[in-house]
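**Student:**
4 protein chains.
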Amino acid sequence: MNIAIHGIGFPEEFTPHIEKLTKALTAHGVNIFVTDTFSKLLKKYQANIDSYSKIQSKAMIADMDFIFSIGGDGTLLDTVCYVGKLETPIVGINSGRLGFLATVAKEEIDEAIALLINGDYTVENRVLVAVDTDKQVFNGLNFGLNEFTIHKRDTSSMITIHTYIDGEYLNSYWGDGLIIATPTGSTGYSLSCGGPLITPDARNFVITPVSPHNLNVRPIILPDDAALCFKVEGRGEKFLVSLDSRSTTIDSGDELRVRKANFVAKLVKFPKYNFFDTLRHKLNWGFDMRN
Amino acid sequence: MNIAIHGIGFPEEFTPHIEKLTKALTAHGVNIFVTDTFSKLLKKYQANIDSYSKIQSKAMIADMDFIFSIGGDGTLLDTVCYVGKLETPIVGINSGRLGFLATVAKEEIDEAIALLINGDYTVENRVLVAVDTDKQVFNGLNFGLNEFTIHKRDTSSMITIHTYIDGEYLNSYWGDGLIIATPTGSTGYSLSCGGPLITPDARNFVITPVSPHNLNVRPIILPDDAALCFKVEGRGEKFLVSLDSRSTTIDSGDELRVRKANFVAKLVKFPKYNFFDTLRHKLNWGFDMRN
Amino acid sequence: MNIAIHGIGFPEEFTPHIEKLTKALTAHGVNIFVTDTFSKLLKKYQANIDSYSKIQSKAMIADMDFIFSIGGDGTLLDTVCYVGKLETPIVGINSGRLGFLATVAKEEIDEAIALLINGDYTVENRVLVAVDTDKQVFNGLNFGLNEFTIHKRDTSSMITIHTYIDGEYLNSYWGDGLIIATPTGSTGYSLSCGGPLITPDARNFVITPVSPHNLNVRPIILPDDAALCFKVEGRGEKFLVSLDSRSTTIDSGDELRVRKANFVAKLVKFPKYNFFDTLRHKLNWGFDMRN
Amino acid sequence: MNIAIHGIGFPEEFTPHIEKLTKALTAHGVNIFVTDTFSKLLKKYQANIDSYSKIQSKAMIADMDFIFSIGGDGTLLDTVCYVGKLETPIVGINSGRLGFLATVAKEEIDEAIALLINGDYTVENRVLVAVDTDKQVFNGLNFGLNEFTIHKRDTSSMITIHTYIDGEYLNSYWGDGLIIATPTGSTGYSLSCGGPLITPDARNFVITPVSPHNLNVRPIILPDDAALCFKVEGRGEKFLVSLDSRSTTIDSGDELRVRKANFVAKLVKFPKYNFFDTLRHKLNWGFDMRN
Chain A
479 MNIAIHGIGF
489 PEEFTPHIEK
499 LTKALTAHGV
509 NIFVTDTFSK
519 LLKKYQANID
529 SYSKIQSKAM
539 IADMDFIFSI
549 GGDGTLLDTV
559 CYVGKLETPI
569 VGINSGRLGF
579 LATVAKEEID
589 EAIALLINGD
599 YTVENRVLVA
609 VDTDKQVFNG
619 LNFGLNEFTI
629 HKRDTSSMIT
639 IHTYIDGEYL
649 NSYWGDGLII
659 ATPTGSTGYS
669 LSCGGPLITP
679 DARNFVITPV
689 SPHNLNVRPI
699 ILPDDAALCF
709 KVEGRGEKFL
719 VSLDSRSTTI
729 DSGDELRVRK
739 ANFVAKLVKF
749 PKYNFFDTLR
759 HKLNWGFDMR
769 N
Chain B
479 MNIAIHGIGF
489 PEEFTPHIEK
499 LTKALTAHGV
509 NIFVTDTFSK
519 LLKKYQANID
529 SYSKIQSKAM
539 IADMDFIFSI
549 GGDGTLLDTV
559 CYVGKLETPI
569 VGINSGRLGF
579 LATVAKEEID
589 EAIALLINGD
599 YTVENRVLVA
609 VDTDKQVFNG
619 LNFGLNEFTI
629 HKRDTSSMIT
639 IHTYIDGEYL
649 NSYWGDGLII
659 ATPTGSTGYS
669 LSCGGPLITP
679 DARNFVITPV
689 SPHNLNVRPI
699 ILPDDAALCF
709 KVEGRGEKFL
719 VSLDSRSTTI
729 DSGDELRVRK
739 ANFVAKLVKF
749 PKYNFFDTLR
759 HKLNWGFDMR
769 N
Chain C
479 MNIAIHGIGF
489 PEEFTPHIEK
499 LTKALTAHGV
509 NIFVTDTFSK
519 LLKKYQANID
529 SYSKIQSKAM
539 IADMDFIFSI
549 GGDGTLLDTV
559 CYVGKLETPI
569 VGINSGRLGF
579 LATVAKEEID
589 EAIALLINGD
599 YTVENRVLVA
609 VDTDKQVFNG
619 LNFGLNEFTI
629 HKRDTSSMIT
639 IHTYIDGEYL
649 NSYWGDGLII
659 ATPTGSTGYS
669 LSCGGPLITP
679 DARNFVITPV
689 SPHNLNVRPI
699 ILPDDAALCF
709 KVEGRGEKFL
719 VSLDSRSTTI
729 DSGDELRVRK
739 ANFVAKLVKF
749 PKYNFFDTLR
759 HKLNWGFDMR
769 N
Chain D
479 MNIAIHGIGF
489 PEEFTPHIEK
499 LTKALTAHGV
509 NIFVTDTFSK
519 LLKKYQANID
529 SYSKIQSKAM
539 IADMDFIFSI
549 GGDGTLLDTV
559 CYVGKLETPI
569 VGINSGRLGF
579 LATVAKEEID
589 EAIALLINGD
599 YTVENRVLVA
609 VDTDKQVFNG
619 LNFGLNEFTI
629 HKRDTSSMIT
639 IHTYIDGEYL
649 NSYWGDGLII
659 ATPTGSTGYS
669 LSCGGPLITP
679 DARNFVITPV
689 SPHNLNVRPI
699 ILPDDAALCF
709 KVEGRGEKFL
719 VSLDSRSTTI
729 DSGDELRVRK
739 ANFVAKLVKF
749 PKYNFFDTLR
759 HKLNWGFDMR
769 N
C-alpha cells in the first residue's frame, strides 16, 4: 500500500506524532511518500523518520492509495487542490483543534491507521465547485472544496453581479460580493455572511450575498447540477475572485461560469465519525452560556 | 374534460371574472364542478353562472382533470389540502395580487384556459411535508405544502425540541419553536425567521429555528428524503403544532415523525411563468429604494 | 443595617451557602428579613438559620437598606418587581451559573458582604420600561427590567402593530410580535430576534420585530425618553402582552402607551465587576470553536 | 445673505433646475458662491447663470450662511467634508431620487428657498465620527458623517481587531472588518451588515462586525461620548480604513482612537420633513410585496 503525506505547516511540538504515525505505517508494510512542502517541514523540525520517498511527479501521486493531510482544515483544502482529478482518498489528521474536515485527533492516529489497513472505513464524495472563464485563471486549478467568491477590491465601492441560473436571469446582486458555497463550505465564510448550514449528503449549492445593499436579498439554495453564470460590473476595473483561500483578479467584462466539478474530493470517514457531533461541537450547540 | 373550482373567499368585485371564466370553460365544452365552500361564495355574491354541478363526494373529486384555486396563496394551500392524495393538478388564479402559488392574474385567465385546453402547460410536482404521531392529528390530513411548525403556547416560556435525523441526534433546539419547511415554504414563515430561499427543483427540507436562544444555531438544509423525529419538552404540558395554516396541540411526551409525503401537490405551470421573475417581483429585488 | 433576602427557587444543594451567607450577615450585625416565598424555600430545605424576621408589609420593605436576590437572572427580575418604586438596591447572587444580573458567585459571597458593609460598591441605575392602558393591567405592576412584548396568541395568524413615537407614525409592523427592550433586556429575547446589544450606560430603548413579514423591517434604536404608542390589529380578538416573564391578554382596540418608568432598578456593583467581561463570558466571545 | 453651492456630479438634464435655483436666490438678493468642482460642472453643462463668485479660500467659506449640496447622499457626505469645523448649515437638494440626507426634491426647490429666506426651518446637529492615529491620516480630514470602517485588504485572510471602550477591553473581533457608525450612518453600510437603525436624536454609536467568524458576535450600541480604541492584527501588514467613502491604509502596529468629533454637521430641516416618513419610504416598509 502506498500512502502520501502532505502538510503546509504544523506546530513543532506535533513532530513526535508524525514520527509515531510513520512508524505505525511502516510497521503495517506501507510505503510512505511525502510531498515537497511536507518534506521541507520534516527537515525543518529534524523529524526522525526511517524511510520515505519524495513525490517527484504527477504520475507518482496517481499511484497513491491514500493521502494523509496533516494540519487543519486549511491544509486539507490544500490537499484537495494537490490531488485534484486524481481523486486520491484523503485522511484528515488535525495537528491542533478538531476541524470540520481534519477530524482525526492525534490520540486517534493509531486507531485510524488500523481501521484503514483493515478496510474499516467509508469514502465520502464531496462535491467541488469549479469556475471557467474565457482566459485561464487559478493556473488551471479552477476548483474548490468550500466556495467560490466574487468580491469588490480594496477601496472600491460596491459591485453589481448579474447572476444567471441555467440560462435564466436570477438577480443583479449589489453589495460587497457573492459566495457560491458547497455543502462542505456551508460551515465557513457563507455561514459568517448569514448562509444556512447544509448537510454533506445534500446535493446543493448556496448563493450567499456579502453585505447586500438590498435588505430583501437572501441566501438561495440550488440543486448542485445547476449551471451558474456571473457578470460583474462596478466602478473599478478589476474584481477579486477566490476559490477556497486562493485569489486572483478578473476584469469587468469577464463572464464567470460556475458549476460542479466533474470529479470530487474523496474524504475517508472512520466508523465513529458523525457529522452532527462535529457540528454541535464546533458551533457550541450544547453550550449555551447565555442561559 | 371535468374541472373543479375551489375558493374560500374572494372580493365581491372579482365575481365578473369568475362569470367570464366559467363562460370560457363552458364554451370549450368543459364540465364545471364547484366545491361546497365555493358554491356558497357564488350564492353570496349572486354570481350568474349557467351550469355547474356541486361536488358531493371524494369519488367525484377523483374524476376531475384539474382544479382551479381562486383566491390567494392561502386558498391554494387549502386546495392542496382538499385534493390530498388524489393529486389533482391545480391551476392557481389570484383574485388579488400576484402570489408565489396563485400565479394566473385575472387578465390572463382566458389565455390560461386556452393553453390548458391545448395541453400547452407543464405540471410541477411540489413535495409535501407530512407528520405522524402515535395518535391521529389534523383529522388525518397530516400534510402541508409550506411547512410544519412546532411552537410554544401562549404565555409559556421557551421550549426544548430534541431533534433526530435518520435516527441520529442533531440538536436540542431551545427557543420559541422550530419550522420544517419545503422549498415551496421557503418563501414564507421560514424566510421571516432567517431561513434561506430554496428553488422549487431542489430536493430539500430546511429546519429553521424560531427565536433560538443559542445564537450559534442556524437554519440547516437537508435532503428531502430524510426521516426527522422531534420530541418536545417544556414547562407547559401542551405545545402547538401547525401544518401550513392549520394548528393543533400535542402533549409533552409525543414523538413527532416528519417526512416527505408519498404524494405531491401538482401545480399547473404555463409557458411564460418563471419562478425567478416571481421571486424578484415578490421580494422587490429590482427595487432598491435605499440607493 | 437591614437586609432582605428574596428568592423564588434554588437547588437544594445551595442551602449551605445561604446558611453561611446569613451567618456572615449576622456577624456583621445586620438584621435579616426574608420574603414570604423565600421563607418557604428555607423551610422546605430545612435551612439552619439563627434569626430572621419575615417581611409582613410594604412598609417593612421600605426599611430595607438592601435586598439580596438569590437564584438566577429570572429571580432578579422578580426581585425588581417586588421592590418596585421603593428602589431598594439589589445584590444579585447566583445559585447556579453566572448571570447578566445575578453576578455574585457563591465563592464570592463573603467578599461581597464585606464590600457592602464597607461601602465599597457603586449602585447602577437601570431603566425600567413601563406600559399604560386605559384599564389596569399586570395588577398595577406595569413595569419590567428587560422588555415589554406584544405577541400574537396561539393559533392566530400574524398581527399588525401600528407604532407611534412621540406622536409621529413610525410603522405598522406585521409579523408574530414586537419587543421593546431596555439596555438590560438587550441580551435577552431581543437578541434572539436579531436585536443589537446595548451597553448599560446607553440611554436607549430598542424596538425589535419578532419574525416580521417585511424583510426590510429591522430593529430600531431610540432615546429612552421617547413616548411610544401601539395599537394592535389582527384576526384574533385578543393579543398577548408581557413584561419580563409576566403575561396577560389585551383586546384589539386597546392603546398601549410605553415609556421609561419614573423609578429605576438599583443594582449593586462591586469593584471587580465588569459588564464587558460578563458579555464576553456569557456570549462565548473568546471561545470560537469554529476556528 | 451668502449661499455657497457645492456638487460633485449631477445628470446634465438637472441643469435647468440649477439655473432656476440660482435665479430664485438672486431674486431674493442672495449672493451666490460656488465651489471649484461645482463651477466646473456648470461650465461643462454650459449652465446659464447670471452672477456668481467662486470660492477661493477657507476664509470665504467661513462667510457663507448656508451651503447647498446638489446631488445625492454621497455628495452631501462630500459637502460635510468640505465645510468641516466651520459647521456651515447644509441644504441637501437631490438631483435624482430622494435620499436620507438630500431630502429636497427638484419640485420643492422654490418652496425651500422661500422657507430658508423666511427663517422657517430648523437646524439638526448630526454627530460626526473622528479618528486619530499617531501619524496623520485622511489629510487631516479625519471625520465622517456616516461611519468609520476597518477592513481587511484584498486577498488577505481575516483580521483581528482588538477593541477597547473607555480603556476597558471589549472584544477581539475576528472577521472581514468592523464598522463604527453614527445614527446617520445606521441606514448605510452598517445596516447591510446586520446593524440596527438608530434615530437621529439618539446619542449613540454602533459597532457592527463585518462577516464575523464567531456567530455570537453581534452589533453593540454605545453612548456617543465613548472613547474607542482599536488595534488591528492579521497576516497582511496593511489594513484598510475608511471614513464615509474616503479610504487609506494603515499598518499593523497602529492604534486607532475613535470618538465623536468636537464639531457637528448642521443639516437644514424644513417643516414638512419627517425622518420616519423617509425611513418608511426608503426601506419600502409600506410596500410588502411578499404578502
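The listed protein sequences correspond, in order, to chains A, B, C and D.
Note that this note's numbering numbers the first sequence so that position 207 is 685, with each residue one more than the last.
Note that this note's numbering numbers the second sequence so that position 281 is 759, with each residue one more than the last.
Note that this note's numbering numbers the third sequence so that position 229 is 707, with each residue one more than the last.
Note that this note's numbering numbers the fourth sequence so that position 32 is 510, with each residue one more than the last.
All C-beta atoms in this analysis are idealised placements derived from N, C-alpha and C, irrespective of residue type, glycine included.
This one's a predicted model, so the numbers in the text were calculated from it and none came from an experiment.
May I have the straight-line CA-CA distance separating A/ALA592 from B/VAL609, to the nearest angstrom?
**Tutor:** Position 114 of the first sequence, counted from the first residue, corresponds to residue 592 of chain A. Position 131 of the second sequence, counted from the first residue, corresponds to residue 609 of chain B. Going from the Cα of A/ALA592 to the Cα of B/VAL609 covers about 43 Å.
**Student:** Using a Cβ-Cβ cut-off of 8 Å, state whether A/LEU656 counts as contacting chain B.
**Tutor:** For the purposes of this step, residue 656 of chain A is taken as the residue at position 178 of the first sequence. Answer no: the Cβ-Cβ gap between A/LEU656 and chain B never drops below 8 Å.
**Student:** In chain order, what residues of the same chain lie with their CB nearer than 7 Å to the CB of D/GLU497, ignoring the 5 residues before and after it?
**Tutor:** For the purposes of this step, residue 497 of chain D is taken as residue 19 along the fourth sequence, with counting starting at 1. For D/GLU497, where only same-chain residues beyond five positions count, the Cβ hits under 7 Å are ALA525, ASN526 and ILE527.
**Student:** By Cβ distance, which residues of its chain are closer than 7 Å to C/GLY622, with the 5 residues on each side in sequence left out?
**Tutor:** Taking the third sequence and counting its residues from 1, the one referred to as residue 622 of chain C is at position 144. Cβ neighbours of C/GLY622 within its own chain (closer than 7 Å, five residues either side excluded): LEU606, VAL607, LEU721 and ASP722.
**Student:** Under a CB-based cut-off of 8 Å, is C/CYS707 close to chain B?
**Tutor:** Translated into the one-based positions of the third sequence, residue 707 of chain C becomes position 229. Cβ-Cβ to chain B under 8 Å: no for C/CYS707.
**Student:** Looking only at its chain, what residues have a beta carbon closer than 6 Å to the beta carbon of D/ASP556, apart from the 5 residues adjacent to it on each side?
**Tutor:** For the purposes of this step, residue 556 of chain D is identified with residue 78 of the fourth sequence, where counting begins at 1. Taken in chain order, the residues that qualify are ILE486.
**Student:** Excluding the 5 residues preceding and the 5 following C/TYR560 in the sequence, name in chain order all residues of the same chain whose CB lies nearer than 8 Å to its CB.
**Tutor:** What you label residue 560 of chain C is simply residue 82 of the third sequence in a count that begins at 1. Around C/TYR560: HIS484, THR513, ILE539 and ILE545.
**Student:** What residues in the stretch 731-760 of chain A have a beta carbon less than 7 Å from any beta carbon of chain C?
**Tutor:** HIS759 and LYS760
**Student:** Let's see if you can read the secondary structure: which residues bound the beta strand (DSSP E) around D/GLU589?
**Tutor:** Counted from its first residue, the fourth sequence places residue 589 of chain D at position 111. Note, D/GLU589: premise wrong, no beta strand (DSSP E); alpha helix (DSSP H) at 587-595.
**Student:** Under 7 Å between beta-carbons, which chain D residues line up against A/ARG631? List them in chain order, please.
**Tutor:** What you label residue 631 of chain A is simply residue 153 of the first sequence in a count that begins at 1. Correct list: ASP632.
**Student:** From A/HIS495 to A/HIS506, what does the alpha carbon distance come to, in whole angstroms?
**Tutor:** Residue 495 of chain A sits at position 17 when you count from the first residue of the first sequence. Residue 506 of chain A sits at position 28 when you count from the first residue of the first sequence. A/HIS495 and A/HIS506: Cα-Cα distance of roughly 17 Å.
**Student:** Hey, is A/ASN762's beta-carbon within less than 8 Å of any beta-carbon in chain C?
**Tutor:** Position 284 of the first sequence, counted from the first residue, corresponds to residue 762 of chain A. At least one chain C Cβ lies under 8 Å of A/ASN762.
**Student:** Spatial neighbours of C/THR611 within its chain, please: C-beta separation below 8 Å, excluding the five flanking residues on both sides.
**Tutor:** Residue numbering aside, residue 611 of chain C sits at position 133 when the third sequence is read from its first letter. Answer for C/THR611: ILE728, ASP732, GLU733, LEU734 and ARG735, listed in chain order.
**Student:** Checking the sheet assignment: what are the DSSP bridge partners for C/LEU700?
**Tutor:** Within the third sequence, numbered from 1, the residue matching residue 700 of chain C stands at position 222. Note: C/LEU700 sits in a beta bridge opposite C/PHE683.
**Student:** Mapping the DSSP letters down to three states, classify D/TYR651 as helix, strand or coil.
**Tutor:** As a working mapping, residue 651 of chain D is identified with position 173 in the fourth sequence. Three-state DSSP puts D/TYR651 in a strand.
**Student:** Excluding sequence positions up to five away, which residues of its chain have a Cβ less than 7 Å from the Cβ of A/THR686?
**Tutor:** Here the question's residue 686 of chain A lines up with position 208 in the first sequence. Correct list, in chain order: ILE657, ALA659, SER668, CYS671, GLY672, GLY673 and PRO697.
**Student:** Just mark C/GLY618 as buried or exposed, buried being the case when its beta carbon has 16 or more other beta carbons within 10 Å.
**Tutor:** Taking the third sequence and counting its residues from 1, the one referred to as residue 618 of chain C is at position 140. So C/GLY618 ends up on the exposed side.
**Student:** The alpha helix (DSSP H) with B/SER720 in it runs from where to where?
**Tutor:** Here residue 720 of chain B refers to the residue found at position 242 of the second sequence. Segment 716-721 is the beta strand (DSSP E) holding B/SER720; no alpha helix (DSSP H) there.
**Student:** Report the residue from C/ILE637, C/LYS563 and C/PHE516 whose alpha carbon sits nearest the alpha carbon of C/TYR530.
**Tutor:** Locating residue 530 of chain C in the third sequence gives position 52, counting from the first residue. It is C/PHE516.
**Student:** Can you name, in chain order, every residue of its own chain whose Cβ lies under 7 Å from the Cβ of B/ASN603, other than the five neighbours on each side?
**Tutor:** What you label residue 603 of chain B is simply residue 125 of the second sequence in a count that begins at 1. Cβ neighbours of B/ASN603 beyond the five flanking positions: VAL742 and LYS744.
**Student:** Going by beta carbon distance, what residues of the same chain come within less than 6 Å of B/PHE511, once the five residues before and after it are set aside?
**Tutor:** Here residue 511 of chain B refers to the residue found at position 33 when the second sequence is read from its first residue. So the qualifying residues of the chain are ALA482, SER531 and ILE533.
**Student:** Are any of the Cβ atoms in chain B nearer than 8 Å to that of D/LEU648?
**Tutor:** As a first step, residue 648 of chain D is located in the fourth sequence; it is residue number 170 there, counting from the start. Not an interface residue.
**Student:** Less than 7 Å between C-beta atoms, sequence neighbours within five positions excluded: which residues of the same chain meet that for B/ALA704?
**Tutor:** Residue 704 of chain B sits at position 226 when you count from the first residue of the second sequence. Within the same chain, B/ALA704 has close Cβ partners ILE643, ASP644 and PHE683.
**Student:** Measuring straight from C-alpha to C-alpha, what distance separates A/ARG768 and D/LEU675?
**Tutor:** By 1-based counting over the first sequence, the position of residue 768 of chain A is 290. By 1-based counting over the fourth sequence, the position of residue 675 of chain D is 197. Rounded to whole angstroms, A/ARG768 to D/LEU675 spans 25 Å at the Cα level.
**Student:** Would you say C/HIS691 reaches chain B, if we count a Cβ-Cβ gap shorter than 8 Å as a contact?
**Tutor:** Residue 691 of chain C sits at position 213 when you count from the first residue of the third sequence. Taking Cβ atoms only, chain B reaches closer than 8 Å to C/HIS691, which makes this a yes.
**Student:** Closest by CA to C/VAL582, which one among C/ASP702, C/LEU499, C/LYS738 and C/PHE616?
**Tutor:** Locating residue 582 of chain C in the third sequence gives position 104, counting from the first residue. Checked all of C/ASP702, C/LEU499, C/LYS738 and C/PHE616; the closest Cα to C/VAL582 is C/LEU499.
**Student:** Exposed or buried, which one is D/THR600 when buried takes at least 16 other CB atoms within 10 Å?
**Tutor:** If you number the fourth sequence from 1, residue 600 of chain D lands on position 122. Flag for D/THR600 reads exposed.
**Student:** Report the rounded CA-to-CA distance for C/VAL719 versus B/VAL719, giving the unit in angstroms.
**Tutor:** The residue you call residue 719 of chain C lines up with position 241 of the third sequence. The residue you call residue 719 of chain B lines up with position 241 of the second sequence. Rounded to whole angstroms, C/VAL719 to B/VAL719 spans 22 Å at the Cα level.
**Student:** Whole angstroms is fine: what's the gap from D/ALA580's alpha carbon to A/LEU693's?
**Tutor:** Position 102 of the fourth sequence, counted from the start, is the residue given in the question as residue 580 of chain D. Position 215 of the first sequence, counted from the start, is the residue given in the question as residue 693 of chain A. Cα-Cα distance, rounded: 21 Å.
**Student:** Once DSSP output is grouped into helix, strand and coil, what is the label at C/ARG631?
**Tutor:** As a working note, residue 631 of chain C is residue 153 in the third sequence. Secondary structure of C/ARG631 (DSSP, three-state): coil.
**Student:** I need the straight-line Cα distance from A/SER650 to D/TRP763, nearest angstrom please.
**Tutor:** For this step, residue 650 of chain A is matched to residue 172 along the first sequence. For this step, residue 763 of chain D is matched to residue 285 along the fourth sequence. Using only the alpha carbons, I get a separation of about 22 Å.
**Student:** How many angstroms separate the CA atom of C/GLY666 from the CA atom of C/ASN624?
**Tutor:** Position 188 of the third sequence, counted from the start, is the residue given in the question as residue 666 of chain C. Position 146 of the third sequence, counted from the start, is the residue given in the question as residue 624 of chain C. Distance between the alpha carbons of C/GLY666 and C/ASN624: 7 Å.
**Student:** By the criterion of Cβ-Cβ separation under 8 Å, what are the contact partners of A/GLY673 in chain B?
**Tutor:** Here residue 673 of chain A is taken as the residue at index 195 of the first sequence, counted from 1. Going along chain B in sequence order, the residues near A/GLY673 (Cβ under 8 Å) are PRO674.
**Student:** Measuring only between beta-carbons, confirm whether C/SER723 sits less than 8 Å from chain B.
**Tutor:** Your numbering for residue 723 of chain C matches position 245 in the third sequence. At least one chain B Cβ lies under 8 Å of C/SER723.
**Student:** Please report the straight-line C-alpha distance between A/GLY663 and A/ARG713, rounded to a whole angstrom.
**Tutor:** Here residue 663 of chain A corresponds to residue number 185 of the first sequence, with the count starting at 1. Here residue 713 of chain A corresponds to residue number 235 of the first sequence, with the count starting at 1. In a straight line, the C-alpha of A/GLY663 is about 29 Å away from that of A/ARG713.
**Student:** Between the beta-carbon of C/VAL746 and the beta-carbon of C/ILE568, is there less than 8 Å?
**Tutor:** Within the third sequence, the letter at position 268 stands for residue 746 of chain C. Within the third sequence, the letter at position 90 stands for residue 568 of chain C. C/VAL746 places its beta carbon less than 8 Å from that of C/ILE568.
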